[in-house]
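To keep things clear, I will list the structure first and then write my remarks on it.
In my numbering, the protein residues as written are 147 to 773.
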């Protein structure tokens, strides 16, 4: 039954609501286009070794045409929703430090992530940037005694006026190591999101003490890893459904300065270049079980996440991205790992505290020819009109963005996906750029998940030896046109600021200014980030859902929400880890288009319990508390 809003909440504050107690897409298979694409992929090559590290004659790349389903009429209907660069006006002065001193060491070109989350509990998302550092053996003259580290900005924005204040100095976020990524999650279940930072030399866990003050509890929590680790993506999830958050930490490759020097890559046979990962040994991830009160136990060897080459016994993974997804729809959280130049992994939850790797069985491990690709960022979401789950992976230059979609033959007992990147309209336009950050979000609030990728090459001199490639690249925005697929959006519809040419890496989204639509932030290798305010004025309705779970997992990470409005269903999964080395806000945004009321709202909590919510109002942040 319907419950009245909490009388203690002022009218302009979020509503606090409590418990009130498809068909398969008829899509033609574009076999001829797919064949052209696959031939082009083989001609363009797979990742580094077939791009520029071997000095040879440049191969011509076949240009891909958009799928026939995407007509000019569909493209003309792209809504005008302009993004405005407000970085400087908002007070953001961060610049990423690579530490590069001429040695061309691999970490220097990988970049850092960004986090958007409500770290002080005031209802708006704060900003955390992950920095690299100077190498101990190459500290530049005049450098400060304290090396570059994390930078924290408090959000003081209002609708129409984005403002951030640098509060790093008093935050306690000292991280004197080469940082890579950030995962926001409540490690100790006290209601205040903590920060897990990855990088060269293991991980750092910063406990949120309130008031944007943090404490390094890495050693006490037991999540430091090994000093030889190069950790990349990290994911908070309640894998055993015991009520608290466990931690998956991915490793990229086994790296050291000495190994990098031995690899000794040269871009043209003479000039030192950043080496490809296929000649660095893979690395095993770490999985930590939460034992309560912020203490963790490393169960990596028994959890089923450490995959080794069956022939050589060496670690098989080279992971740069992690995504939370219920692959088989059994209500238990699964994990998809995007791997660089080796097969992707799918860790299916066995509901006994362990996982079973099933990348090949599910169809997500390889491309359509059975080859691995250079995977970077990753996200998962139900983006089709009938709610099929899709997994988007940003791949290397001359490789399309992968769009793995649940196949018609997929069942809970035998989940199966196929790469439908071309037929959905993403494949052709996405082929040339080198994709890092990638995520689904509904930027125009029409009720369909769109796709954004942030791009940039690894080698500054790439244009000299590979015609058509550039170091600085623009982002790509794909508008979801429903049954017509995705349409590549141009400056006429989204403005010029979104498509600045940058050396793009991480990306995240949140409603920064509290106006209901989603703003985005990009990180840039060795440069300033870009904060883009969403200035769409389409008149579409929206509702934002903030979940409050039970103690142990107060942000209810792993929950799923189904909303029905205008006769159409939408699905969202509560997770912060998205894109490349980044975290987005833990509030779920549903665009409603022309609909003006919510017909159904259902939450499936991380423990599997279901809750029907009544009385939700559009244009509000609705707070739903787990009974």
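Glycine is no exception: its CB is placed at the ideal position from the N, C-alpha and C atoms.
Item	Value
For residue 381, which option in 479, 357, 453 has the closest C-alpha, if you only look at C-alpha atoms?	479
Buried or exposed, going by whether 16 or more other CB atoms sit within 10 Å of the CB of residue 603?	buried
When DSSP labels each residue in this structure, what does residue 735 get in the three-state scheme?	strand
Based on DSSP bridge pairs, tell me the residues matched to residue 724.	728
Taking only runs that begin and end inside the segment 582-661, name each unbroken beta strand (DSSP E) of 3 or more residues, in chain order.	596-601, 622-626, 632-634, 650-656
Only counting runs of 4 or more residues, tell me where the alpha helix (DSSP H) segments fall wholly within the segment 480-554, in order along the chain.	505-508
Assign residue 147 to one of three DSSP states: helix, strand, or coil.	Any reading at residue 147 is ruled out, since the residue's pLDDT is 33, under 50, leaving its predicted position unreliable.
Measuring CB to CB, does residue 261 end up less than 9 angstroms from residue 729?	yes
Tell me the DSSP secondary structure of residue 458 in three-state form.	coil
Residue 234: buried (16+ other C-beta within 10 angstroms of its C-beta) or exposed?	exposed
Where DSSP assigns a beta bridge to residue 771, which residues make up the other side?	694
For the 8 angstroms Cβ check, are there 3 or more pairs between the segment 488-502 and the segment 441-457?	yes
Measuring straight from C-alpha to C-alpha, what distance separates residue 777 and residue 655?	Lying outside 147 to 773, the shown extent of the chain, residue 777 is not represented and no answer is given.
Name the DSSP bridge partner or partners of residue 433?	394
Can you tell me whether DSSP reads residue 355 as helix, strand or coil?	strand
On the DSSP letters alone, give me the boundaries of the beta strand (DSSP E) that residue 446 sits inside.	Here residue 446 belongs to no beta strand (DSSP E); instead the alpha helix (DSSP H) covers 446-449.
Going by C-alpha to C-alpha distance, which of 487, 711, 458 sits closest to residue 466?	487
Report all residues from its chain with a CB closer than 6 angstroms to the CB of residue 312; omit the five preceding and five following residues, and keep chain order.	299
Can you list, in chain order, the residues of its chain with a C-beta nearer than 7 angstroms to that of residue 238? Leave out the 5 residues immediately preceding and following it.	299, 310, 675, 677
Over the uninterrupted beta strand (DSSP E) stretch that includes residue 748, give me the two end residues.	746-750
According to DSSP, simplified to helix, strand and coil, what is residue 756?	strand
Roughly how many angstroms separate the alpha carbons of residue 231 and residue 224, rounded to a whole number?	21 angstroms
Under 8 angstroms, with one C-beta from each stretch per pair, do the segment 502-514 and the segment 585-602 reach the 3-pair mark?	no
Let me confirm a value: residue 455 is counted as buried when at least 16 other C-beta atoms fall within 10 Å, else exposed. Which label applies?	exposed
On a Cα-Cα basis, can you pick out the residue from 531, 396, 279 that is closest to residue 628?	531
Could you spell out where the beta strand (DSSP E) holding residue 665 opens and where it closes?	665-670
Helix, strand or coil for residue 424 per DSSP?	helix
If we count the other Cβ atoms within 10 Å of its Cβ and call it buried at 16 or more, is residue 651 buried or exposed?	buried
Measure the C-alpha to C-alpha separation of residue 469 and residue 370 and round it to an integer number of angstroms.	22 angstroms
Do the segment 326-341 and the segment 252-268 make contact, defined as three or more Cβ pairs closer than 8 angstroms?	yes
Does the structure place the segment 352-368 close enough to the segment 403-412 that three or more beta carbon pairs sit under 8 angstroms?	no
Quick one: what's residue 715 bridged to in DSSP?	710
Provide the residue span of the beta strand (DSSP E) that contains residue 471, from first to last.	465-471
Identify whether residue 364 lies in helix, strand or coil by the three-state DSSP scheme.	helix
Figure out for me which residue from 325, 415, 417 has the closest Cα to the Cα of residue 375.	325
Quick one: what does DSSP say residue 233 is sitting in, helix, strand or coil?	coil
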